[in-house]
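**Student:** One structure, pasted below without further comment.
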Amino acid sequence: MIAERMIGKIQSLPFYPVLLIAYPAVALMGININEVEPVFLWRPLVVLLLTAAVLLVLLRFLLKDWHRAALLLSFMIFLFFTYGHLYLYLKKIEIAGIIIGRHRLMLPVWIGLAILAAWWLVHVLQDPKPVTPILNMISIFLLIYPSFQIASYVVQRQRTEKAARAAAQAQAASLPLGYAPDIYYIILDAYGRQDVLNEMFGYDNSPFIDFLQSKGFYVPECSQSNYGQTMLSLTSSLNYDYLDSLTDQLTANTDQRAPLRALGQYNKARQFLKSQGYNIVSFATDFPVSEWKDADYFLSPPATGMRDFEIMLAQTSAWRIPMDMTNESPEKR
Numbered sequence: 456m457i458a459e460r461m462i463g464k465i466q467s468l469p470f471y472p473v474l475l476i477a478y479p480a481v482a483l484m485g486i487n488i489n490e491v492e493p494v495f496l497w498r499p500l501v502v503l504l505l506t507a508a509v510l511l512v513l514l515r516f517l518l519k520d521w522h523r524a525a526l527l528l529s530f531m532i533f534l535f536f537t538y539g540h541l542y543l544y545l546k547k548i549e550i551a552g553i554i555i556g557r558h559r560l561m562l563p564v565w566i567g568l569a570i571l572a573a574w575w576l577v578h579v580l581q582d583p584k585p586v587t588p589i590l591n592m593i594s595i596f597l598l599i600y601p602s603f604q605i606a607s608y609v610v611q612r613q614r615t616e617k618a619a620r621a622a623a624q625a626q627a628a629s630l631p632l633g634y635a636p637d638i639y640y641i642i643l644d645a646y647g648r649q650d651v652l653n654e655m656f657g658y659d660n661s662p663f664i665d666f667l668q669s670k671g672f673y674v675p676e677c678s679q680s681n682y683g684q685t686m687l688s689l690t691s692s693l694n695y696d697y698l699d700s701l702t703d704q705l706t707a708n709t710d711q712r713a714p715l716r717a718l719g720q721y722n723k724a725r726q727f728l729k730s731q732g733y734n735i736v737s738f739a740t741d742f743p744v745s746e747w748k749d750a751d752y753f754l755s756p757p758a759t760g761m762r763d764f765e766i767m768l769a770q771t772s773a774w775r776i777p778m779d780m781t782n783e784s785p786e787k788r
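Count the sequence shown with the numbering used here and you get residues 456 to 788, in order.
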């Protein structure tokens, strides 16, 4: 009986706005977990949770009702985080020569919806309490899958990192040249070879190729990567082997990339050169496989402004409005 009363009391507490405001950030991280460090979630998540808590208290003070305040705040959160998604969709639609996806058209509609919702909740809705348990459950349910995506990725990454380190350190060899020249590994990502650029884009890249060859570089004529994605190809080349020989956790039916990050960061080439006395120098790339933050020297610019993940989150929300006002010309807004 006591447990049932406690559960019932918890269900009747309108905590769903705090969870609803967290969902867009958690879901976006879950979708992009293979490309973004999970730690980048915490800063926007803390800001969102604090914002929701402050707004909920302020609305409770104005409306004199926690349930009514929570319902109004939830609708505002919905409007805020759907704005960017709908804007991107409507930006592609043109009616009678007018592009629908314009801030000058959408913003008044969103403001009108917010005012209409506030009026309805304050003057029309009699009792908002019955919807509280339902919205509490919905908010919890929404967070389950993206949270599982993030948690499973972190667990698998930790497990594969240990295996990747052990596999890379197991080799024993010496430098074939007998000395240790400086080595620079530079990837011009998505840069096509000469014949492809000429055939597909009509671009003659021969002056650049001739320059490299005149400096002693070897440029193979029909080179191609092992895989069609950067993360797959880079991991394979750094371990000088195909991925199915490196791990059994990657199959054709999975999109899990945790093993790739571990195999890329603690690859055989890096471990071999380290065993030969090399100092490893890496630099910030915002690409997880190539960001070796535990290298001997990790070069990174001072952290300023918003991270890429935060910008992506902001662009899917109404925060896109001030961002576009700064970056776009007036006729495009």
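The beta-carbon is built from N, C-alpha and C at its ideal position, and this holds for glycine as well.
So, is Trp-521 buried or exposed, given that buried needs 16 or more other C-beta atoms within 10 angstroms?
**Tutor:** By the neighbour-count rule (16 or more Cβ atoms within 10 Å), Trp-521 is buried.
**Student:** Leaving out five residues on either side along the sequence, give the residues of the same chain with a beta carbon under 7 Å from the beta carbon of Arg-648.
**Tutor:** Cβ within range, chain order: Ser-678.
**Student:** Below 8 Å, how does it come out for the stretch 711 to 722 and the stretch 607 to 618: are there three or more Cβ pairs, yes or no?
**Tutor:** With the cut-off at 8 Å, the stretch 711 to 722 and the stretch 607 to 618 touch.
**Student:** Taking Cβ positions only, does Tyr-697 come closer than 8 Å to chain C?
**Tutor:** No chain C appears in the structure shown, which is made up of a single protein chain.
**Student:** Taking buried to mean at least 16 other C-beta atoms within 10 Å of its own C-beta, is Met-484 buried or exposed?
**Tutor:** By the 10 Å Cβ count, Met-484 comes out buried.
**Student:** Candidates Leu-693, Ile-735, Ala-717 and Tyr-695: which alpha carbon is nearest Gln-704's?
**Tutor:** Of the listed residues, the one whose Cα sits closest to Gln-704 is Ala-717.
**Student:** Around the C-beta of Met-531, are 16 or more other C-beta atoms found within 10 angstroms, so that it is buried, or is it exposed?
**Tutor:** So Met-531 counts as buried.
**Student:** On a CA-only basis, which of Lys-546, Ala-551, Asn-591 and Asn-487 is nearest Ser-529? Give me that one, please.
**Tutor:** Considering only alpha carbons, the answer is Asn-591.
**Student:** Just to confirm before moving on: does the CB-CB distance between Gln-726 and Val-744 stay below 8 Å?
**Tutor:** No, Cβ-Cβ distance for Gln-726 and Val-744 is not below 8 Å.
**Student:** Since Ser-737 is in the beta strand (DSSP E), which residue starts that stretch and which ends it?
**Tutor:** Segment 736 to 738, the beta strand (DSSP E) holding Ser-737.
**Student:** Can at least three beta-carbon pairs, one atom from the stretch 647 to 666 and one from the stretch 682 to 702, be found at a separation below 8 Å?
**Tutor:** Output reads no: the stretch 682 to 702 does not touch the stretch 647 to 666.
**Student:** Taking the alpha helix (DSSP H) that Phe-402 belongs to, which residues open and close that run?
**Tutor:** Any answer about residue 402 is impossible in this case: the structure gives the chain only from 456 up to 788.
**Student:** So what's Tyr-608 in DSSP terms, helix, strand or just coil?
**Tutor:** DSSP places Tyr-608 in helix when its eight states are reduced to three.
**Student:** Using a Cβ distance threshold of 8 Å, determine whether the stretch 482 to 496 contacts the stretch 759 to 768, with at least three qualifying pairs required.
**Tutor:** Yes: the two stretches touch, three or more of their Cβ pairs being nearer than 8 Å.
**Student:** So, at 8 Å on beta carbons, what are the nonlocal neighbours of Leu-598 in its own chain, with the 5 sequence-adjacent residues on each side left out?
**Tutor:** Here the set comprises Leu-474, Ala-477, Tyr-478 and Val-481.
**Student:** When you compare only the Cα positions, how much space is there between Phe-470 and Ile-593?
**Tutor:** Answer to the nearest angstrom: the Cα atoms are 11 Å apart.
**Student:** Please classify Thr-775 as buried or exposed, where buried requires at least 16 neighbouring CB atoms within 10 angstroms.
**Tutor:** The sequence as given places Arg at residue 775; Thr does not occur at that position. That one is buried.
**Student:** What is the C-beta distance between Asp-779 and His-558, in whole angstroms, given that I count them as a contact (C-beta under 8 Å)?
**Tutor:** At roughly 6 Å, the Cβ-Cβ gap stays under 8 Å, so Asp-779 and His-558 are in contact.
**Student:** Would Thr-690 be called buried (16 or more neighbouring beta carbons within 10 Å of its own) or exposed?
**Tutor:** Its Cβ being crowded by 16 or more others within 10 Å, Thr-690 is buried.
**Student:** Since Ile-488 and Tyr-608 are thought to touch, with beta carbons under 8 Å apart, how far apart are those beta carbons, to the nearest angstrom?
**Tutor:** Their Cβ separation, rounded to whole angstroms, is 5 Å, which keeps Ile-488 and Tyr-608 in contact under 8 Å.
**Student:** Report buried or exposed for Ser-772, applying the criterion of at least 16 other Cβ atoms within 10 angstroms of its Cβ.
**Tutor:** Buried is the call here.
**Student:** Starting from Tyr-673, trace the alpha helix (DSSP H) both ways and give me its first and last residue.
**Tutor:** Premise fails: Tyr-673 is in no alpha helix (DSSP H) and is neither H nor E.
**Student:** Kindly give me the distance between the Cβ atoms of Leu-768 and Ile-638, rounded to whole angstroms, as I take these residues to be in contact under 8 Å.
**Tutor:** In fact, because the Cβ distance is near 38 Å, the residues do not count as touching under 8 Å.
**Student:** What does the alpha-carbon distance come out to for the pair Tyr-733 and Leu-562?
**Tutor:** Tyr-733 and Leu-562: Cα-Cα distance of roughly 57 Å.
**Student:** Would you list the residues sitting across from Phe-753 in a DSSP beta bridge?
**Tutor:** Its beta-bridge partners are Ser-737.
**Student:** Can you say whether Ala-458 is buried or exposed, counting buried as having 16 or more other CB atoms within 10 angstroms of its CB?
**Tutor:** Confidence at Ala-458 is low in this model, with a pLDDT of 47, below 50, so the placement of that residue should be treated as unreliable; the coordinate-derived value is given next. Classification for Ala-458: exposed.
**Student:** Under the DSSP definition of a beta bridge, which residues are partnered with Glu-549?
**Tutor:** DSSP, once it has assigned bridges, lists Ile-554 as partnering Glu-549.
**Student:** When you compare the CB positions of Leu-568 and Leu-534, do they come within less than 8 Å of one another, or not?
**Tutor:** Cβ atoms of Leu-568 and Leu-534: closer than 8 Å.
**Student:** Could you give the distance in angstroms between the alpha-carbon of Thr-685 and the alpha-carbon of Ile-641?
**Tutor:** One C-alpha to the other measures close to 13 Å.
**Student:** Can you find the residues in the same chain that come closer than 6 Å, C-beta to C-beta, to Ala-645, ignoring five residues on each side of it along the sequence?
**Tutor:** There are no such residues.
**Student:** Is the distance from the Cβ of Leu-504 to the Cβ of Ala-525 below 8 Å?
**Tutor:** No, the pair does not count as a contact, with Cβ atoms beyond the cut-off.
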